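Q: Protein chains in written order, with the working numbering: chain B, 3 to 468; chain P, 3 to 468.
By construction, the Cβ of each residue, glycine as well, lies at the ideal position given by its N, Cα and C atoms.
This one's a predicted model, so the numbers in the text were calculated from it and none came from an experiment.
My questions all concern the structure below.
Protein chains: 2
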Amino acid sequence: MSKSTDERLRRTFELLQAQLRRESEEPVAPVESAEELLARLDLRVGEAVDDERLFATLDALVAATPRTTTRRFFNQLFSGRDDFGVIGELIASFLNSSMYTFKAAGPQVIVEREVTRRMAELVGFDQGEGLFVPGGSLSNMVGMILARNAHRPEGRNEGFHGAPLTLYASRQSHYSLPKNAGMMGLGRDNVREVDIDSEGCMRPDALRERIQADREAGLDPFLIVATAGTTVLGAFDPIDAIADVAEEFGLRLHVDGALGGSVSFSARHRGMLAGSDRADSFTWNAHKMLGVPLAASVILTKRRGELHGSFDEQASYLFQDAASQYEHGTMSIQCGRRNDALKFWASWKSHGDAGLGARVDHLFDLARYAAARVESDDALVLSKDPSSVTVCFEVRGRSSEDVCERLRLEGRDLVGYGVVDGRRVVRLALVNGAMDRADVDAFFDDVLAVAAHSEQSDNAIEAAAE
Amino acid sequence: MSKSTDERLRRTFELLQAQLRRESEEPVAPVESAEELLARLDLRVGEAVDDERLFATLDALVAATPRTTTRRFFNQLFSGRDDFGVIGELIASFLNSSMYTFKAAGPQVIVEREVTRRMAELVGFDQGEGLFVPGGSLSNMVGMILARNAHRPEGRNEGFHGAPLTLYASRQSHYSLPKNAGMMGLGRDNVREVDIDSEGCMRPDALRERIQADREAGLDPFLIVATAGTTVLGAFDPIDAIADVAEEFGLRLHVDGALGGSVSFSARHRGMLAGSDRADSFTWNAHKMLGVPLAASVILTKRRGELHGSFDEQASYLFQDAASQYEHGTMSIQCGRRNDALKFWASWKSHGDAGLGARVDHLFDLARYAAARVESDDALVLSKDPSSVTVCFEVRGRSSEDVCERLRLEGRDLVGYGVVDGRRVVRLALVNGAMDRADVDAFFDDVLAVAAHSEQSDNAIEAAAE
Numbered sequence: 003m004s005k006s007t008d009e010r011l012r013r014t015f016e017l018l019q020a021q022l023r024r025e026s027e028e029p030v031a032p033v034e035s036a037e038e039l040l041a042r043l044d045l046r047v048g049e050a051v052d053d054e055r056l057f058a059t060l061d062a063l064v065a066a067t068p069r070t071t072t073r074r075f076f077n078q079l080f081s082g083r084d085d086f087g088v089i090g091e092l093i094a095s096f097l098n099s100s101m102y103t104f105k106a107a108g109p110q111v112i113v114e115r116e117v118t119r120r121m122a123e124l125v126g127f128d129q130g131e132g133l134f135v136p137g138g139s140l141s142n143m144v145g146m147i148l149a150r151n152a153h154r155p156e157g158r159n160e161g162f163h164g165a166p167l168t169l170y171a172s173r174q175s176h177y178s179l180p181k182n183a184g185m186m187g188l189g190r191d192n193v194r195e196v197d198i199d200s201e202g203c204m205r206p207d208a209l210r211e212r213i214q215a216d217r218e219a220g221l222d223p224f225l226i227v228a229t230a231g232t233t234v235l236g237a238f239d240p241i242d243a244i245a246d247v248a249e250e251f252g253l254r255l256h257v258d259g260a261l262g263g264s265v266s267f268s269a270r271h272r273g274m275l276a277g278s279d280r281a282d283s284f285t286w287n288a289h290k291m292l293g294v295p296l297a298a299s300v301i302l303t304k305r306r307g308e309l310h311g312s313f314d315e316q317a318s319y320l321f322q323d324a325a326s327q328y329e330h331g332t333m334s335i336q337c338g339r340r341n342d343a344l345k346f347w348a349s350w351k352s353h354g355d356a357g358l359g360a361r362v363d364h365l366f367d368l369a370r371y372a373a374a375r376v377e378s379d380d381a382l383v384l385s386k387d388p389s390s391v392t393v394c395f396e397v398r399g400r401s402s403e404d405v406c407e408r409l410r411l412e413g414r415d416l417v418g419y420g421v422v423d424g425r426r427v428v429r430l431a432l433v434n435g436a437m438d439r440a441d442v443d444a445f446f447d448d449v450l451a452v453a454a455h456s457e458q459s460d461n462a463i464e465a466a467a468e
Numbered sequence: 003m004s005k006s007t008d009e010r011l012r013r014t015f016e017l018l019q020a021q022l023r024r025e026s027e028e029p030v031a032p033v034e035s036a037e038e039l040l041a042r043l044d045l046r047v048g049e050a051v052d053d054e055r056l057f058a059t060l061d062a063l064v065a066a067t068p069r070t071t072t073r074r075f076f077n078q079l080f081s082g083r084d085d086f087g088v089i090g091e092l093i094a095s096f097l098n099s100s101m102y103t104f105k106a107a108g109p110q111v112i113v114e115r116e117v118t119r120r121m122a123e124l125v126g127f128d129q130g131e132g133l134f135v136p137g138g139s140l141s142n143m144v145g146m147i148l149a150r151n152a153h154r155p156e157g158r159n160e161g162f163h164g165a166p167l168t169l170y171a172s173r174q175s176h177y178s179l180p181k182n183a184g185m186m187g188l189g190r191d192n193v194r195e196v197d198i199d200s201e202g203c204m205r206p207d208a209l210r211e212r213i214q215a216d217r218e219a220g221l222d223p224f225l226i227v228a229t230a231g232t233t234v235l236g237a238f239d240p241i242d243a244i245a246d247v248a249e250e251f252g253l254r255l256h257v258d259g260a261l262g263g264s265v266s267f268s269a270r271h272r273g274m275l276a277g278s279d280r281a282d283s284f285t286w287n288a289h290k291m292l293g294v295p296l297a298a299s300v301i302l303t304k305r306r307g308e309l310h311g312s313f314d315e316q317a318s319y320l321f322q323d324a325a326s327q328y329e330h331g332t333m334s335i336q337c338g339r340r341n342d343a344l345k346f347w348a349s350w351k352s353h354g355d356a357g358l359g360a361r362v363d364h365l366f367d368l369a370r371y372a373a374a375r376v377e378s379d380d381a382l383v384l385s386k387d388p389s390s391v392t393v394c395f396e397v398r399g400r401s402s403e404d405v406c407e408r409l410r411l412e413g414r415d416l417v418g419y420g421v422v423d424g425r426r427v428v429r430l431a432l433v434n435g436a437m438d439r440a441d442v443d444a445f446f447d448d449v450l451a452v453a454a455h456s457e458q459s460d461n462a463i464e465a466a467a468e
């Protein structure tokens, strides 16, 4: 290690420690516009700058970055900073392994295999396997590709001709499904949005009708996607009943458990995934409820060899040990692939199954507590009983959008709004294991404080904006 | 910051420093089989372990991981450790931004915009833009999707029906093209492998004939992919002549410059990309020749708005500022997306355009030096004059595969083999800017030392293995 590398690492750690202090003293970063930031920070690249100036710019950049790791960040389905999640990520970045072969990544691919094998077991795929994929959207795409290739095995080589293929998911399913359908050549219009019940869960009867109607119209249904944890309401589709429909029609079943997969650690809540063992594939993001850094998304499959069957390619300079189960590059949509497994492995080792289960239980409890807090206050209106770890509500007579914006501009909290039943609502995401009831109370105190001068609105929105 | 977090970070840094010492003293990790590693290391997850035991396991795991960052790692098209590349990555991991909106990532999305805008200019897209994508394979997929959507605008919504779409790339193009074609529903068979010349570059005359024949057969050619830096030979297709063919037939042109894009920093070598300004899109991986950690891959487009046109989806809970140019999630194949921009930005700030250009020149010089070293030794046979930063050769009468395996087993060097003109050859990848001529000399000394007891072979392979 050169003297300068050592010195630079030391300065980096001072910078990170300064940020830890800032996060603790001021959990929401000062708000500036993009124009102000561009004018103030030296962000252009071209001329070399010396270490002094570069560290100063980095420090200013870090200070101005929204603080996703604090107890005041409720804006996304990730929040907080898990010690060993971060440590695993730092080490992985430092080692710079590429996860395609055992020769290049050694024990890191074994780590990936151990983690994904255990995750597969947890969702009921006892003989299953899995792989890290850069994000839940792409994990869902892998599940969609596996399903299409199973349905029309000739298509991978020949392309897909004949009757249009259709897939089915709830109206509350993730937007990656139509996005992926566009990318995969299925066509976004061939993603059927199935009606939901009052809890935001897909209705198996509506699903059955929709498939039946498409079949009769000469289309070729191939896949149902059940959502375990929708983005706004955190609702869980009834997987078991949906699996019945999949069986009835001979369709594949993929579970988008990007948010909800983590409940499999909880003895109290894992029943929400009942029937997942009957699915063919499963998306699960450990960077959501479990708090490891982005991205820690996994595609799980019931059957070993399916990933290989859809993604193996010849590359004689790279894949040279076909007998190995650790040539993960032949199971992946990527070639070079960073190590997203180590951070979750390290976090899991540190907490154990029991610790992760307790974290999930804690988050559910916090959501119940927050809902009760809303119900106890006449100024607040609960949109629905929370299904899992998000709580949607309104401030009576006040614009949900404006409430969120004021919380941000006043440096109090970062929280987002969504749409529920045609109304704009505040969505409080409780996914940070370090939070406790005092944080929830502080949040609602902030909400009430800014609501006093927020814009009036009944929050009803036009259908087009939903 | 809690006491325990502080202590854990301190231990992490001791662990990284121990690894730096190991890398310097023993640049190739001890070789163990997967079975030995599984037996020796406590890799199972389930029970919680205490910090003491977890750090001990992490340390053993780190020590056993192949060392991609040393001067003895020639196995991949990445190698080494750039100080500010690593620092940017450590900071990004710590901040855990998700790059979909300005609200969530603030100045980090401005950083991404600055870096990609300048990269676009460097390849000749003066009005272009770009986005970070997790790896070159997926960047190529984005280029392929943009091309298909431009060719058949109705397809994104309706799916692709009618005449099969075909695309064209050289026989030496990257395996991600057929992989992506399988994923996108094009069919792997519809990727046409075009003949190459003696340097490994696509022949424009063969390309023209192939397109013409497919058109006459009723197929629907839509895209040519030119490769700037092939994986084994580092060859650069003649982009300008290929652009003529693309124009003649009205086809899109994508450049896979995952390896070669970086030569645009070099005044001496950027002529190898001549014509890239005529392409529609361009893949460029900064984690290859420029040495920043994996992954730092970018898709660049000539026309602003094309990414948005293919990947925007409604998500009322997330994309709430349609007027903003910083809603990068509406340009991306991902939803949640880690910050891969900061590491390249930090490295670029540190080196400047001139420093990165000098790095590229240095790597080309090293390759020339290595080739001359091969030619000066009767025991070695140069496969071809190097086109860029890889050098392919054989040890006369010795198995290339066995030479590589002995280098690894004896803890000397990690280097891979590939196939050139029906012969198995050692591929020396010179992409680590910290290496110098002494490292090249040391490598060949090692090669000759192990060759003395390597298996005999003429390295001719069966056509099927190519």
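1. Residues in the stretch 137-150 of chain B with C-beta within 7 Å of chain P's C-beta atoms, listed in sequence order?
2. Going by other Cβ atoms of all chains shown within 10 Å of its Cβ, with 16 needed for buried, is LEU45/B buried or exposed?
3. When you compare each of VAL362/P, SER268/P, VAL144/P to LEU124/P by their alpha carbons, which one comes out closest?
4. Would PRO180/P pass as an interface residue toward chain B - the criterion being a Cβ-Cβ separation below 9 Å?
5. Return no unless some Cβ of chain P is closer than 9 Å to the Cβ of ASP282/B.
6. Does the beta carbon of GLU315/P come closer than 9 Å to any beta carbon on chain C?
7. Rounded to a whole number of angstroms, what is the C-alpha to C-alpha distance between MET3/B and ASP387/B?
8. Hey, out of LEU296/P, ASN159/P, MET143/P, GLU464/P, whose CA is closest to LEU344/P's CA?
9. Go ahead and label PRO68/B buried or exposed: buried means 16 or more other beta carbons lie within 10 angstroms of its beta carbon, across all protein chains shown.
10. Under the rule that 16 or more other beta-carbon atoms within 10 Å means buried, what is ARG42/B, buried or exposed?
11. Does GLU16/P pass the burial test, meaning 16 or more other C-beta atoms within 10 Å, or should it be called exposed?
12. CB of LEU320/B to nearest heavy atom of the ligand MG: below 8 Å?
13. Could you give the distance in angstroms between the alpha-carbon of GLU9/P and the alpha-carbon of ASP53/B?
14. For TYR328/P, I'd like the list of residues in its chain whose CB is within less than 6 Å of its CB, leaving aside the five on either flank, ordered along the chain.
15. Select from the stretch 426-440 of chain B all residues with a C-beta closer than 7 Å to any C-beta belonging to chain P, and list them in chain order.
16. Could you check where the alpha helix (DSSP H) with ARG375/B kicks off and where it finishes?
17. How would you list, in chain order, the residues of chain B whose beta-carbon sits under 8 Å from the beta-carbon of SER413/P?
18. In chain order, what residues of the same chain have a beta carbon less than 7 Å from the beta carbon of GLU34/P, not counting five sequence neighbours either side?
19. Residues in its own chain within less than 6 Å of GLY399/B by CB, not counting five upstream and five downstream?
20. Find the nearest neighbour of GLY189/P within the set GLY161/B, ILE213/B, ALA171/B, ASN182/B, judged by alpha-carbon distance.
21. Below 7 Å CB to CB, which residues in the same chain sit around ARG24/B once its five sequence neighbours on both sides are set aside?
22. What is the C-beta distance between ILE301/B and VAL135/B, in whole angstroms, given that I count them as a contact (C-beta under 8 Å)?
23. So, MET186/B versus MET143/B, is the Cβ gap smaller than 9 Å?
24. Could you tell me which residues DSSP puts in a beta bridge with PRO155/P?
25. Going along chain B in order, which residues have a C-beta closer than 8 Å to the C-beta of LYS351/P?
26. Tell me the DSSP secondary structure of GLY87/P in three-state form.
27. Counting only beta-carbon atoms, is ARG173/B nearer than 9 Å to chain P?
28. Does any residue of chain P have a CB that is nearer than 9 Å to the CB of TYR319/B?
29. Could you say which of LEU92/B, SER402/B, HIS271/B, VAL449/B lies nearest to ALA372/B if we only look at CA atoms?
30. Assign LEU209/P to one of two classes, buried (16 or more other C-beta atoms within 10 Å of its C-beta) or exposed (fewer than that).
31. Which same chain residues end up closer than 8 Å to ASP323/P when comparing Cβ atoms and leaving out the 5 residues on each side of it in sequence?
32. Go to ALA258/B, then tell me how far its beta strand (DSSP E) extends in each direction, as first and last residue.
33. For the alpha helix (DSSP H) that ALA440/B lies in, which residues bound it at each end?
34. Is it true that the stretch 374-381 of chain B meets the stretch 84-96 of chain P, where meeting means three or more beta-carbon pairs spaced less than 8 Å apart?
35. Identify the residues that DSSP records as bridge partners of GLY227/P: which are they?
36. So for GLN458/P, helix, strand or coil by DSSP?
A: So, from the data block:
1. Residues GLY137, GLY138, SER139, LEU140, ILE147.
2. Counting from 1 along the first sequence, the entry for residue 45/B is found at position 43. Only buried fits LEU45/B, as 16 or more other CB atoms lie within 10 angstroms of its CB.
3. Within the second sequence, residue 124/P is the residue found at index 122, counting from 1. Distance check between LEU124/P and each of VAL362/P, SER268/P, VAL144/P places SER268/P closest, using alpha-carbon atoms only.
4. Residue mapping note: residue 180/P aligns to position 178 of the second sequence, counting from 1. It does: the Cβ of PRO180/P has a partner Cβ on chain B nearer than 9 Å.
5. For the purposes of this step, residue 282/B is identified with residue 280 of the first sequence, where counting begins at 1. Closer than 9 Å: no.
6. The structure shown contains no chain C; its protein chains are B and P.
7. Position 1 of the first sequence holds residue 3/B. Position 385 of the first sequence holds residue 387/B. Any reading at MET3/B must be qualified, since the residue scores a pLDDT of 47, below 50, and its modelled position is unreliable; the value itself is stated next. Distance between the alpha carbons of MET3/B and ASP387/B: 56 Å.
8. Residue mapping note: residue 344/P aligns to position 342 of the second sequence, counting from 1. Per the Cα distances, LEU296/P.
9. For the purposes of this step, residue 68/B is identified with residue 66 of the first sequence, where counting begins at 1. It counts as buried.
10. Indexing the first sequence from 1 puts residue 42/B at position 40. Classification for ARG42/B: exposed.
11. Reading the second sequence from its first residue, position 14 is the one you call residue 16/P. That one is exposed.
12. In terms of ligand content, the structure shown is empty, and the ligand MG therefore cannot be addressed.
13. If you number the second sequence from 1, residue 9/P lands on position 7. If you number the first sequence from 1, residue 53/B lands on position 51. If you take the alpha carbons of GLU9/P and ASP53/B, they lie about 27 Å apart.
14. Walking along the second sequence from the start, residue 328/P turns up at place 326. For TYR328/P, where only same-chain residues beyond five positions count, the Cβ hits under 6 Å are PHE104, VAL111.
15. Hits within the stretch, in order: ARG429.
16. In the first sequence, the residue the question calls residue 375/B occupies position 373. 343-377 is the span of the alpha helix (DSSP H), which, as asked, contains ARG375/B.
17. As a first step, residue 413/P must be located in the second sequence, where it is residue number 411. Note that residue 413/P is Gly in the sequence shown here, rather than Ser. Simply none; closest approach about 13 Å.
18. For the purposes of this step, residue 34/P is identified with residue 32 of the second sequence, where counting begins at 1. Same-chain partners within the cutoff: ALA66.
19. One-based indexing of the first sequence puts residue 399/B at position 397. The residues GLN458, in chain order, have a CB closer than 6 Å to that of GLY399/B in the same chain once the five nearest residues on each side in sequence are set aside.
20. In the second sequence, residue 189/P corresponds to position 187, counting from 1. Of the residues GLY161/B, ILE213/B, ALA171/B, ASN182/B, the one whose Cα lies closest to the Cα of GLY189/P is GLY161/B.
21. The residue given as residue 24/B occupies position 22 in the first sequence. Shown here for ARG24/B: same chain residues with a beta carbon closer than 7 Å to its own, the five before and five after excluded, namely ALA65 in chain order.
22. By 1-based counting over the first sequence, the position of residue 301/B is 299. By 1-based counting over the first sequence, the position of residue 135/B is 133. In this structure ILE301/B touches VAL135/B by the C-beta definition: roughly 5 Å separates them, less than 8 Å.
23. Position 184 of the first sequence holds residue 186/B. Position 141 of the first sequence holds residue 143/B. Pairing MET186/B with MET143/B gives a Cβ-Cβ distance under 9 Å.
24. Along the second sequence, one-based indexing puts residue 155/P at 153. Looking at the DSSP assignment, PRO155/P forms no beta bridge with any residue, so it has no partner.
25. In the second sequence, the residue the question calls residue 351/P occupies position 349. Here the neighbours are VAL47, ALA50, VAL51, LEU56, THR59.
26. To locate residue 87/P, count along the second sequence from 1; it is residue 85. In the three-state reduction of the DSSP assignment, GLY87/P falls in the helix class.
27. Here residue 173/B refers to the residue found at position 171 when the first sequence is read from its first residue. It does not; no Cβ of chain P falls within 9 Å.
28. Translated into the one-based positions of the first sequence, residue 319/B becomes position 317. Residue-level contact by beta carbon holds for TYR319/B and chain P, with a gap shorter than 9 Å.
29. Taking the first sequence and counting its residues from 1, one reaches residue 372/B at position 370. That would be VAL449/B, whose Cα lies nearest to the Cα of ALA372/B.
30. For the purposes of this step, residue 209/P is identified with residue 207 of the second sequence, where counting begins at 1. Per the 10 Å Cβ criterion, buried.
31. As a position in the second sequence, residue 323/P is number 321, starting the count at 1. Result list for ASP323/P: THR103, PHE104, LYS105, GLU329, in chain order.
32. The residue given as residue 258/B occupies position 256 in the first sequence. In the sequence as presented, Ala is not what sits at residue 258/B; that position holds Asp. Counting along the chain, the beta strand (DSSP E) containing ASP258/B begins and ends at 254-258.
33. Counting from one through the first sequence, the residue named residue 440/B turns up at place 438. 439-453 is the extent of the alpha helix (DSSP H) around ALA440/B.
34. Under the 8 Å Cβ criterion, the stretch 374-381 of chain B does not count as touching the stretch 84-96 of chain P, having fewer than three qualifying pairs.
35. Along the second sequence, one-based indexing puts residue 227/P at 225. The sequence shown places Val at residue 227/P, not Gly. Answer is ALA171/P, HIS256/P.
36. For this step, residue 458/P is matched to residue 456 along the second sequence. Strand at GLN458/P.
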